[in-house]
Amino acid sequence: MAKRVAVIGAGSSGLTSIKCCLDEGLEPVCFESSDDIGGLWKFKEQPEADRCSIYRSVIVNTSKEMMCYSDFPMPDHFPNFVNNSTIMQYFRLYAEHFSLLKHIHFQTTVRSVRQRPDFSNSGQWEVVTVDRDGREETHVFDGVLVCAGHFTQPIKPLSDFPGIDTFPGTIIHSWEYKDPDPYLGKRVVVVGIGNSGGDIAVDLSRACEKTFLSTRKGAWVIGRVVDRGLPLDMIMMTRARDLFYWLLPRALLNLIWERSLNQRHDHKLYGLQPVHRILDQRVVINDDLPGRILLGELVMKPNVQKFQGSTVVFDDGTVEEKIDAVILCTGYDYRFPFLPTSLSSGSDGDLKLYRRIFPPSLERPTLAILGLIQTKGPIMPAAELQARWATRVIAGLNHLPPAEKMDKTIEKDVQANLKSYPCPKLAALQVDHIPYLDAIAKEVGVCPNIAWLLLRDPAVGFRVFFGPCSPYQFRLNGPGHWSGARQAILTQWDRVAKPMKTRPIPETSSFSLFFWLCLSGGAAVIFALMRPLQWHILWV
Numbered sequence: 002m003a004k005r006v007a008v009i010g011a012g013s014s015g016l017t018s019i020k021c022c023l024d025e026g027l028e029p030v031c032f033e034s035s036d037d038i039g040g041l042w043k044f045k046e047q048p049e050a051d052r053c054s055i056y057r058s059v060i061v062n063t064s065k066e067m068m069c070y071s072d073f074p075m076p077d078h079f080p081n082f083v084n085n086s087t088i089m090q091y092f093r094l095y096a097e098h099f100s101l102l103k104h105i106h107f108q109t110t111v112r113s114v115r116q117r118p119d120f121s122n123s124g125q126w127e128v129v130t131v132d133r134d135g136r137e138e139t140h141v142f143d144g145v146l147v148c149a150g151h152f153t154q155p156i157k158p159l160s161d162f163p164g165i166d167t168f169p170g171t172i173i174h175s176w177e178y179k180d181p182d183p184y185l186g187k188r189v190v191v192v193g194i195g196n197s198g199g200d201i202a203v204d205l206s207r208a209c210e211k212t213f214l215s216t217r218k219g220a221w222v223i224g225r226v227v228d229r230g231l232p233l234d235m236i237m238m239t240r241a242r243d244l245f246y247w248l249l250p251r252a253l254l255n256l257i258w259e260r261s262l263n264q265r266h267d268h269k270l271y272g273l274q275p276v277h278r279i280l281d282q283r284v285v286i287n288d289d290l291p292g293r294i295l296l297g298e299l300v301m302k303p304n305v306q307k308f309q310g311s312t313v314v315f316d317d318g319t320v321e322e323k324i325d326a327v328i329l330c331t332g333y334d335y336r337f338p339f340l341p342t343s344l345s346s347g348s349d350g351d352l353k354l355y356r357r358i359f360p361p362s363l364e365r366p367t368l369a370i371l372g373l374i375q376t377k378g379p380i381m382p383a384a385e386l387q388a389r390w391a392t393r394v395i396a397g398l399n400h401l402p403p404a405e406k407m408d409k410t411i412e413k414d415v416q417a418n419l420k421s422y423p424c425p426k427l428a429a430l431q432v433d434h435i436p437y438l439d440a441i442a443k444e445v446g447v448c449p450n451i452a453w454l455l456l457r458d459p460a461v462g463f464r465v466f467f468g469p470c471s472p473y474q475f476r477l478n479g480p481g482h483w484s485g486a487r488q489a490i491l492t493q494w495d496r497v498a499k500p501m502k503t504r505p506i507p508e509t510s511s512f513s514l515f516f517w518l519c520l521s522g523g524a525a526v527i528f529a530l531m532r533p534l535q536w537h538i539l540w541v
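Each residue of the sequence shown is one higher than the last, beginning at 2 in the numbering used here.
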């Protein structure tokens, strides 16, 4: 009889977990508290407690080729950076293609997950659920995959702002923000310059009388596209570039990157200059922020010092009066109240997890938490690899190291991040994108062998090493091998180009191209010969 696995949540991590269970011969039973799949990406007009919430204008910061599931490319006509409705369409295509919906129990909330009395032998769990009619039911499962998301608990540090109780306007968290309509013609302060803070400030600046973006530390800002208008992540996230970065001194890399971004827009001039170096923390990805500052519709401000009624005083002594609203983009905490408290390692609810997946304290590794990471790349491919590994561990096909070794690995990973992220709970979430993918892929047995690929299949090997580290690389061989992976890699740039080929443009003929090259080359020679004459005339 197949082992039964509870999958908690039907978002991006939950859907791929269901599929991975099926791939490994397990029987998944998914519990989703809402009435639809999609998790974070399902837009709702009103936020719901203990659930993720997004604003109407949200667009992903990672391109479709880098964020898709490894054996299911997004349709080639999809834009390179999708909005929430398009990614919901993708999830439905994925769920239908792999027949996942029949395994999901909608409007069913998980109340508790507890080890059975014989857990040390069976590794089984008792899961208590409540359905839409309030009926409570107890289930027994051989494994549990927690895919409940970690953008559900907004942090509202009101005590950090003296006098905020005197503020007569509205104060909300970005979790509650939906669109700029309620703020038309108003003066609004946005606190915090993460990706949400940047997006919301830009959104508001098109409707408000004036929008102020307050930041304590500043941020490095980069757009979604780079040279020739190509997706940022497809150009920057390559194995060759990762190796190059590893060989060069970090100080030099910081200097190169910071100089490059400052050539696009001077961060000091624009009031964006952060206190940290560019490689120490994640950059803010925003195409419009510098432009809105340049137009004067968005004004950068330092940290809020205090409130005096509708007047806001900032750390530099400047004052802004008649403020109507404050939107706190101050991040999220995470908690899973249905899990045993014994899994938490401190009063703040931190979960000590090996490779950000497995609690090392369990006698049997039959529970995994997926997607609980922060990375400079797309989360979906990482969560998919986590699910592939976790399902193989639950199925008994892979084994974890001793608890002592796992604890040492966890401590080492946290210590490596503490310099950039002083909060241990936040430091534990950080992973380096490609090294993390490879580490999990090696556990599954699907990490691409670059040298072997270059010898056996140079066309693919060259693209795997020098091209974007797209998810298809982890389907070339090993468990879960997908026969379409090679072709997906060879055609990934075609899918990038497809949605932009909406207007026929004649190709330049080879003769015309040769003529213009000769002409431009001749002009360059003439210009080079003329320069000494120009300097001679100037000196005379």
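Note that the Cβ used here is the ideal one computed from N, Cα and C, for glycine as well. Given the structure is predicted, the values throughout are model-derived calculations rather than measurements.
{"query": "For LYS211, three-class secondary structure by DSSP", "result": "strand"}
{"query": "Assigned secondary structure, LEU253 (DSSP; H/G/I helix, E/B strand, else coil)", "result": "helix"}
{"query": "For LEU270, the nearest candidate out of PRO291, VAL276 and SER113 (CA to CA)", "result": "PRO291"}
{"query": "For GLU177 and LYS499, the rounded distance between their alpha carbons", "result": "36 Å"}
{"query": "LEU16 to LEU101 span [Cα, whole Å]", "result": "7 Å"}
{"query": "LYS323, buried or exposed, once every other Cβ within 10 Å from all chains shown has been counted against 16", "result": "exposed"}
{"query": "TRP517 to PRO507 span [Cα, whole Å]", "result": "With a pLDDT of only 49 at TRP517, under the threshold of 50, the placement of this residue in the model should not be trusted; the figure read from the coordinates follows. Approximately 16 Å, taken between the alpha carbons."}
{"query": "Sequence-distant residues of the same chain with beta carbon closer than 6 Å to ILE165, five excluded per side", "result": "LEU159 and PHE308"}
{"query": "Meets three-Cβ-pair contact criterion under 8 Å: the stretch 116-134 and the stretch 87-100", "result": "no"}
{"query": "Beta bridge counterpart(s) of ASN84 as assigned by DSSP", "result": "ILE60"}
{"query": "Contiguous alpha helix (DSSP H) assignments of at least 4 residues, all confined to the stretch 101-143", "result": "120-123"}
{"query": "ARG229 versus VAL497, ARG504, PHE73 and GLN493, residue with shortest Cα-Cα distance", "result": "VAL497"}
{"query": "Closest residue to LYS353 among PRO459, ILE374 and GLN474 (Cα-Cα distance)", "result": "ILE374"}
{"query": "Pick from GLY378, ARG389 and LYS377 that is closest to ILE370, judged by C-alpha positions", "result": "ARG389"}
{"query": "Separation of LEU419 from LEU542, as counted between CA atoms", "result": "No answer is possible for residue 542: it lies beyond the span of the chain, which begins at 2 and ends at 541."}
{"query": "Contacting residues, own chain, Cβ-Cβ under 8 Å from SER343 (five flanking each side not counted)", "result": "SER362"}
{"query": "Proximal residues to LYS187 (C-beta, below 7 Å), its chain only, five neighbours per side dropped", "result": "CYS209, GLU210, ASP325 and ALA326"}
{"query": "Element boundaries [beta strand (DSSP E), containing GLN621]", "result": "Outside the displayed span of the chain (2 to 541) sits residue 621, for which this structure offers no information."}
{"query": "Exposure label - HIS104; buried when at least 16 CB within 10 Å", "result": "buried"}
{"query": "For PHE168, the nearest candidate out of TYR422, TRP494, GLU321 and THR410 (CA to CA)", "result": "GLU321"}
{"query": "Contact under 8 Å by Cβ, ALA404 with SER13", "result": "no"}
{"query": "Touching by the beta-carbon criterion (3+ pairs, under 8 Å), the stretch 425-434 and the stretch 53-65", "result": "no"}
{"query": "Same chain only: Cβ atoms within 7 Å of ASN255, ignoring 5 sequence neighbours per side", "result": "ARG278, ILE279 and LEU280"}
{"query": "Nonlocal neighbours in the same chain, by C-beta distance under 7 Å from ALA396, ignoring five residues either side", "result": "LYS4, GLU25, GLY26 and LEU27"}
{"query": "Given 8 Å, three or more beta-carbon pairs between the stretch 69-87 and the stretch 469-477", "result": "yes"}
{"query": "CB-CB length for PHE359 against LEU401, believed under 8 Å", "result": "6 Å"}
{"query": "Other residues of its chain near ARG260: CB distance less than 7 Å, five sequence neighbours each side excluded", "result": "none"}
{"query": "ILE156 versus HIS268, HIS174, ALA50 and THR87, residue with shortest Cα-Cα distance", "result": "HIS174"}
{"query": "Exposure label - TRP126; buried when at least 16 CB within 10 Å", "result": "buried"}
{"query": "Extent of the continuous beta strand (DSSP E) run through MET501", "result": "Run containing MET501: none; DSSP gives neither H nor E here."}
{"query": "Contained alpha helix (DSSP H) runs [length at least 4] in the stretch 173-207, N- to C-terminal order", "result": "196-206"}
{"query": "Cβ contact check for the stretch 441-460 and the stretch 477-491: 3 or more pairs under 8 Å", "result": "yes"}
{"query": "Nearest neighbour of LEU368, chosen from VAL114, LYS406 and LEU185 [CA to CA]", "result": "VAL114"}
{"query": "Buried or exposed by the 16-neighbour rule on C-beta atoms within 10 Å, applied to PHE515", "result": "Note on PHE515: pLDDT 46, under 50, position unreliable in the model; no value is reported."}
{"query": "Residues near VAL432 by beta carbon distance below 6 Å, same chain, minus five either side", "result": "ILE374 and THR376"}
{"query": "Counted within 10 angstroms of its Cβ, other Cβ atoms place THR216 as buried (16 or more) or exposed", "result": "buried"}
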